[in-house]
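In the numbering used here, the protein residues as written are 441 to 1195.
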């Protein structure tokens, strides 16, 4: 039975125990989460393998495969409304798709919410919110979103949906809170709350004050609250008064007992003093308001800040120069000449640099005021007869020049010399006195009676020997040409002094130019002028004390050869070849001072002093500079009286009550004591015609020497801010002032802070 046998054979095969064929590996439970994702979240693909332990993940965004094979996918790969799924393929098996998800929008989130200001008061018009916002998807950063503000006051909703809440909603002591939520489309961020703030006490407002009284010496003055402070909280207000005398807090006693004023006793009010009142308002809850300040000048005299040498008969203060701040304290220094000092040699002279900050609230300044000192080297040298602050090396620090017209040459006396001391600021501080032999650059004359160094200055821009450069100009009023005393100038180019060491001989080889005058005394005074003739170069005013005339010179013409080829050597020029304007006609042979003055109209003028005018009555003239020849008698003039020698010194002293003023020294004035001296100041805009100090009709401010023979007003320096308070001061020399314990004619310096 073949069929039956075959059946048995098949059944017998099932009994052999062989396994069925294996199934393929699978990926199961493939799920993409979250199933409702938003911008900024991370998608995760989860799965399980059956039949294998390895496989791969493929991501698709909007049906397009991307290169990521990790189990997670960050939001940098997709954006709002994109469709995303993951596809998992086991090794040796088939790919399985996850669920498909669509990305939903996420609203921006306020990451920081702050209420400002930090310490609000009811004086703040509003309290406002400052917030920082981040969007989970940077691509949506420019999309519109809406901020909802929920302000609370003491925990209660204020009903204000604005970035600020006004002062009408809170009072002192209230606690202000804020919650912020952001909506974009229909999506909202979580509510983020700011730290609450408490409304603090508001200080009172600044009062208006005034100083009242006659404002003269020895009369009481009062600081009065003329418009009281207002307190936003309605608190009671009180006032604290502080008085300053010349900027220094001074402990005065209130003599009126009123809550809103403070009166100084008559004895506390000094003639010429500067008084400042400061009033601070405060409320009874500890709030302090803004300080009110006002300053007044008390007329009738001068407040003195005196410095004098320890050398008898030195006559310190014969010459003065204000030097721009050298030590960085914000205030100018004072360069003082004492040509009769005898500390190193009999009447060898001296020069002192004083620190202006030493001029404090005391009436006498001690020796520490001197930061740098130079003594003359030989008898009757009279070092300090001329002073100058020159920046010869262009480093913006003042190099100091000292003239010694009495220096003795081998062939006789009064040949004269000039000593230049280089400075880099700190170099002008020496523990010990120097001598003129320590100068870093020296020029001494070879011939007797030249009086080299009678005057000295530098020109920033001149044209010498065909080269545009800086120049140093020295006055030589006794210069002789072919037996005739004519006076003149010696001029060195900067390349002759740029090494700033050694001896300048004044020869042609040294590059010096000699300019001859036309009469005795040319070069007795020198003054800078701006470019008055518009040729682009400095101009120069040169006075002749002997002829009573002043020449205005073109500094661009120093290289010109004289027209007369038979004249002396080509390095010699005549004053006349350089002059484009002259002023002449002083009644006597004395001109001692001149300075350039800037007029309020923008023009330039020369202020000139001649103390010998009219039998030592003296005079000062104002010449609004023009080309051509002019007479002193035709210029605006101020004349002295009674031998006061008005004009021995002149100065522009800056602004007072918003007007420009000039001053004249009169060292022979007898108003207080014989030859005690005086200084007079007038407004430029009022000084429009000739007058005497007795008949002058405009505002005239005067101050006087306090002892007989002080010669107060011999020298002036200004405008200068001595103490760095932003107001101009005037420095006055009194070279015949006596000092107790030292001797007569010691001389000194007075600072008139309230001229």
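Beta carbons are placed, not taken as given, at the ideal position from N, Cα and C, and that holds for glycine.
task = Round the Cβ separation of residue 969 and residue 992 to the nearest angstrom and send it over; I've been treating them as touching at under 8 Å.
result = The Cβ separation is near 7 Å, so the contact holds.
task = Could you say which of 555, 1026 and 465 lies nearest to residue 632 if we only look at CA atoms?
result = The option with the nearest alpha carbon to residue 632 is 555.
task = Sort 915, 920, 911 and 921 by Cα distance to residue 936 and report the nearest one.
result = Considering only alpha carbons, the answer is 911.
query = Do you know offhand how far residue 1030's Cα is from residue 664's?
reply = The straight-line gap from Cα to Cα measures roughly 52 Å.
key: Selected residue, minimal CA-CA separation from residue 485, among 1084, 493 and 467   = For residue 485, the closest alpha carbon among the candidates 1084, 493 and 467 is that of 467.
ask   = When the Cα atoms are used, what is the spatial distance from residue 704 to residue 695?
value = Going by the C-alpha atoms only, they are around 6 Å apart.
ask   = Based on Cα-Cα distance, which residue from 706, 721 and 597 lies nearest to residue 648?
value = For residue 648, the nearest C-alpha among the options comes from 721.
query = For residue 562 versus residue 642, is the C-beta spacing smaller than 7 Å?
reply = The Cβ atoms of residue 562 and residue 642 sit closer than 7 Å to each other.
message = With the cut-off set at 7 Å, would you say residue 1175 and residue 891 are in Cβ contact?
response = Here residue 1175 is not near residue 891, since their CB atoms are 7 Å or more apart.
ask   = From what residue to what residue does the beta strand (DSSP E) around residue 1015 run?
value = Counting along the chain, no beta strand (DSSP E) covers residue 1015; the unbroken alpha helix (DSSP H) around it starts and ends at 1015 to 1018.
Secondary structure of residue 692, DSSP reduced to three states = Looking at residue 692 - three-state DSSP - the assignment turns out to be coil, as it is neither helix nor strand.
task = Report yes if the CB atom of residue 560 is closer than 7 Å to the CB atom of residue 553, and no otherwise.
result = No, the Cβ-Cβ distance between residue 560 and residue 553 is not below 7 Å.
request  = Let me know if residue 479 comes out buried or exposed under the rule of 16 or more other beta-carbons within 10 Å of its beta-carbon.
outcome  = Within a 10 Å sphere around the beta-carbon of residue 479 sit 16 or more other beta-carbons, which makes this residue buried.
Counted within 10 angstroms of its Cβ, other Cβ atoms place residue 545 as buried (16 or more) or exposed = Classification for residue 545: buried.
inquiry  = Output needed for residue 751: all residues of its chain with C-beta closer than 6 Å, excluding positions within five of it in sequence on either side, in chain order.
reply    = The beta carbon of residue 751 sits closer than 6 Å to the beta carbons of 781 and 783 from its chain, once the five residues preceding and following it are set aside; these are given in chain order.
query = How many angstroms separate the CA atom of residue 1184 from the CA atom of residue 700?
reply = In a straight line, the C-alpha of residue 1184 is about 50 Å away from that of residue 700.
query = Using 8 Å as the threshold, is the stretch 654 to 669 in touch with the stretch 616 to 634, meaning 3 or more CB pairs across them?
reply = With a cut-off of 8 Å, the stretch 616 to 634 and the stretch 654 to 669 do not count as touching, because too few Cβ pairs lie within range.
ask   = Which ranges would you report for the alpha helix (DSSP H) in the stretch 1051 to 1085 if only whole runs of at least 4 residues count?
value = Entirely contained in the stretch 1051 to 1085, the alpha helix (DSSP H) runs reaching 4 residues are, in chain order, 1053 to 1056.
key: One or two residues paired with residue 731 in a DSSP bridge   = Looking at the DSSP output, residue 731 sits in no beta bridge, so it has no partner there.
task = Give the range of the alpha helix (DSSP H) segment to which residue 937 is assigned.
result = 934 to 937 is the extent of the alpha helix (DSSP H) around residue 937.
key: Residues that DSSP places opposite residue 1254 in a beta bridge   = Since the first residue shown for the chain is 441 and the last is 1195, residue 1254 is missing from the structure and cannot be characterised.
task = Determine the direct distance from the alpha carbon of residue 1123 to that of residue 418, and round the result to whole angstroms.
result = Coverage of the chain is limited to positions 441 through 1195, which leaves residue 418 absent and any answer about it impossible.
message = Taking its Cβ as the centre, do 16 or more other Cβ atoms sit within 10 Å of residue 768, making it buried, or is it exposed?
response = Its Cβ having fewer than 16 others within 10 Å, residue 768 is exposed.
ask   = Roughly how far, in whole angstroms, is the beta-carbon of residue 589 from the beta-carbon of residue 569, given that I think they are within contact range, below 8 Å?
value = 6 Å between Cβ atoms; contact.
query = Who are residue 837's beta bridge partners in DSSP?
reply = Its beta-bridge partners do not exist; DSSP assigns none.
inquiry  = Is residue 659 close to chain D? Criterion is C-beta to C-beta, closer than 7 Å.
reply    = Among the protein chains of the structure shown there is no chain D, as only one such chain exists.
CA-to-CA distance, residue 564 to residue 650, given in whole angstroms = Rounded to whole angstroms, residue 650 to residue 564 spans 28 Å at the Cα level.
task = Give the DSSP-derived three-state secondary structure of residue 1192 in the structure shown.
result = Secondary structure at residue 1192: strand, using DSSP grouped into helix, strand and coil.
request  = Output the boundary residues of the beta strand (DSSP E) element that contains residue 649.
outcome  = Start and end: 648 to 653.
Burial state of residue 540 (16 or more Cβ within 10 Å) = Label assigned to residue 540: exposed.
key: At least three beta-carbon pairs within less than 8 Å, the stretch 1102 to 1117 to the stretch 1079 to 1090   = When C-beta atoms of the stretch 1102 to 1117 are compared with those of the stretch 1079 to 1090, three or more pairs fall below 8 Å, so the two segments count as touching.
inquiry  = Please report the distance separating the alpha-carbon of residue 983 from that of residue 963.
reply    = For residue 983 and residue 963, the distance between alpha carbons rounds to 6 Å.
ask   = Distance, Cα to Cα, residue 1178 vs residue 1119?
value = For residue 1178 and residue 1119, the distance between alpha carbons rounds to 19 Å.
ask   = If we ignore side chains and look at the alpha-carbon of each, how far apart do residue 955 and residue 932 end up?
value = C-alpha separation (whole angstroms): 11 Å.
ask   = Between residue 882 and residue 859, what straight-line distance do the alpha-carbon atoms span, to the nearest angstrom?
value = Taking the straight line joining both Cα atoms gives about 5 Å.
key: Straight-line Cα distance separating residue 471 from residue 517   = Cα to Cα, the separation comes out at about 19 Å.
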